[in-house]
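A.B. asks: One structure follows; several queries about it will come next.
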Amino acid sequence: MAAVGVYIVTDGEIVFTAQNLVLRLQLANRGEALDAPFSSDASPVRFRIAPGASAGAIAAALFDQALIRDASLFVNYARVEGYDRRFEAGVYFLNRTQSIRQIAAILTDSSKSFISFRAPEGARIEELAALVDQNALFDFTGAEFLSLINDGAEAPTAFAAWAGLPERASLEGFMFPDSYQLPPDITPTALRDSLLRSFRERVGDDLRDAALEQNLTLHQAVTLASIVEREAVWRDEHALIASVYRNRLAINMPLEADPTVQYGLQGARGTWWPQITRADYRDVISPYNTYLHRGLPPGPIASPGLSAIQAAIYTEESEYFYFRAACDGSFYHNFAITFDEHLQNAC
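For the sequence shown, this note's numbering gives the first residue as 542, with consecutive numbering after it.
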């Protein structure tokens with residue numbers, strides 16, 4: 542004898558009340574399984590729902606990625622609660638501490654999925670690439686990102702022209718330091734463009750034009766700002782440190798900036814910013830070593846923040862040509878006009 546399904550019709554949609562009732566009764570005894578996480582591993586897991594995927598296909602994928610233990614239970618729960626008609630295509634970040642109930646609810650709104658990424662002030666592009674690798678949510682490697690922003694890469698034409706970039710120059714210095722909320726399906730190119738867009742929006746035409754009025758391209762101004770960023774610990778010293786370097790540039794005096802020597806080492810000592818010695822001032826052979834070469838180095842050495850860029854362009858006027866760390870451990874600096882005064886500031 543064939544089974545008889547009791548149903549009603551609402552707004553043209555057939556609702557099988559008897560079947561739903563049976564499933565709901567079955568689920569009533571599976572509360573513990575519905576609320577149990579797969580494990581205590583809270584590591585993020587990238588999960589994608591393809592357009593048009595059925596509840597069964599979604600459940601199978603969740604099972605294959607060790608996010609749920611029972612695919613049939615997931616399907617039945619989704620059907621009873623109506624999630625099977627609300628699952629949304631997109632990328633989600635799940636973890637194995639979440640239950641079937643929690644996962645089903647999450648998979649109805651992909652707009653809540655995003656990648657948090659912090660580009661710190663004073664970081665080299667290699668350090669940004671390492672941060673990409675440390676973030677399990679990205680679907681690409683730091684090396685893939687670095688290949689788009691390193692020497693020889695082709696920068697977006699409009700940005701390169703606006704910033705005065707030399708041909709095929711690195712984008713060092715232009716990956717604007719900030720906190721970003723990124724879409725889960727972001728690509729290496731889109732990440733590069735997001736950081737460049739933030740740079741252009743935050744720096745703006747006024748700062749760029751002010752640099753040009755001083756016969757500086759924005760690339761040159763950012764180069765100076767990157768040195769200031771690496772030298773200063775406190776933002777309220779940016780403008781004064783910038784004044785020292787601008788004063789030196791004005792008389793063709795070597796900048797003699799320690800961070801440029803560190804940059805010239807290119808990580809040879811196991812870190813990007815190692816302690817250096819006086820011997821390194823002469824022994825580190827690099828066009829970035831401002832003890833060996835007068836004027837600005839070929840390009841930025843790190844990502845300066847807005848404060849350092851403003852300081853490099855709207856520089857505080859001073860008569861100082863020297864500065865060195867104060868002896869009180871405050872990370873502030875003592876400034877001097879003459880070399881003799883500079884020597885007297887030694888600890």
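No residue lacks a Cβ here, since even glycine has one placed at the ideal position from N, Cα and C.
Need the endpoints of the alpha helix (DSSP H) that Ile690 sits in, please.
C.D. replies: Per DSSP, Ile690 belongs to the alpha helix (DSSP H) from 683–690.
A.B. asks: Looking at Phe655 and Pro718, is the spacing between their C-beta atoms short of 8 Å?
C.D. replies: Their beta carbons are not under 8 Å apart, which means Pro718 does not touch Phe655 by this criterion.
A.B. asks: Going along the chain, which residues of its own chain have a beta-carbon closer than 8 Å to the beta-carbon of Ser651, five neighbours each way excluded?
C.D. replies: Answer for Ser651: Ile590, Glu629, Ala630, Gly631, Val632, Tyr633, Pro725, listed in chain order.
A.B. asks: I'd like to know whether the C-beta atoms of Pro800 and Glu772 end up nearer to each other than 8 Å.
C.D. replies: Yes; because the gap between Cβ atoms is below 8 Å, this pair is in contact.
A.B. asks: Nearest CA to the CA of Arg665: which residue from Phe740, Glu713, Arg642, Ser581?
C.D. replies: When each option's Cα is compared against that of Arg665, the closest is Glu713.
A.B. asks: Could you tell me the alpha carbon to alpha carbon distance between Cys868 and Tyr861, rounded to whole angstroms?
C.D. replies: Approximately 19 Å, taken between the alpha carbons.
A.B. asks: Using 10 angstroms around the beta-carbon of Pro592, count the other beta-carbons present and answer buried if the total reaches 16, otherwise exposed.
C.D. replies: It counts as exposed.
A.B. asks: Assuming Ile656 is part of the beta strand (DSSP E), what are its boundary residues?
C.D. replies: Looking at the DSSP string, the run of the beta strand (DSSP E) that includes Ile656 is 656–660.
A.B. asks: Taking the CB atoms as reference points, tell me whether Leu847 and Arg741 lie closer together than 8 Å.
C.D. replies: No. Outside cutoff.
A.B. asks: Along the chain, where does the beta strand (DSSP E) containing Tyr633 start, and where does it finish?
C.D. replies: Taken as a continuous stretch (DSSP letters only), the beta strand (DSSP E) holding Tyr633 covers 631–635.
A.B. asks: Return the CA-CA distance between Ser784 and Ala866, expressed in angstroms with no decimal places.
C.D. replies: Roughly 16 Å between the two C-alpha positions.
A.B. asks: Tell me the rounded alpha-carbon separation between Thr818 and Pro839.
C.D. replies: Cα to Cα, Thr818 sits roughly 23 Å from Pro839.
A.B. asks: With respect to the alpha helix (DSSP H) encompassing Arg741, which residues constitute its N-terminal and C-terminal limits?
C.D. replies: Residues 729–754.
A.B. asks: Looking at the strands, I want to know which residues DSSP matches up with Arg588.
C.D. replies: Note that residue 588 is Phe in the sequence shown, not Arg. Partner(s): Tyr633.
A.B. asks: With a threshold of 7 Å on Cβ separation, who are the neighbours of Leu806 within its own chain once the five nearest residues in sequence on each side are excluded?
C.D. replies: So the qualifying residues of the chain are Pro815, Val825.
A.B. asks: Check for me: the alpha helix (DSSP H) holding Ser848 runs from which residue to which?
C.D. replies: Run containing Ser848: 847–854, per the alpha helix (DSSP H) assignment.
A.B. asks: Taking the continuous beta strand (DSSP E) assigned at Ala877, which residues delimit it?
C.D. replies: Ala877 -> beta strand (DSSP E) spans 874–877.
A.B. asks: Thinking C-beta only, is Leu765 closer than 8 Å to Leu833?
C.D. replies: Not closer than 8 Å, so no.
A.B. asks: Would you give the residue range spanned by the alpha helix (DSSP H) that Tyr786 belongs to?
C.D. replies: Start and end: 779–791.
A.B. asks: Tell me the residue span of the beta strand (DSSP E) that contains His722.
C.D. replies: In the sequence under discussion, the amino acid at residue 722 is Gln, which differs from the His named in the question. That run of the beta strand (DSSP E) goes 719–723.
A.B. asks: Give me the residue from Thr730, Leu687, Asp746 with the minimum Cα distance to Gly705.
C.D. replies: That would be Asp746, whose Cα lies nearest to the Cα of Gly705.
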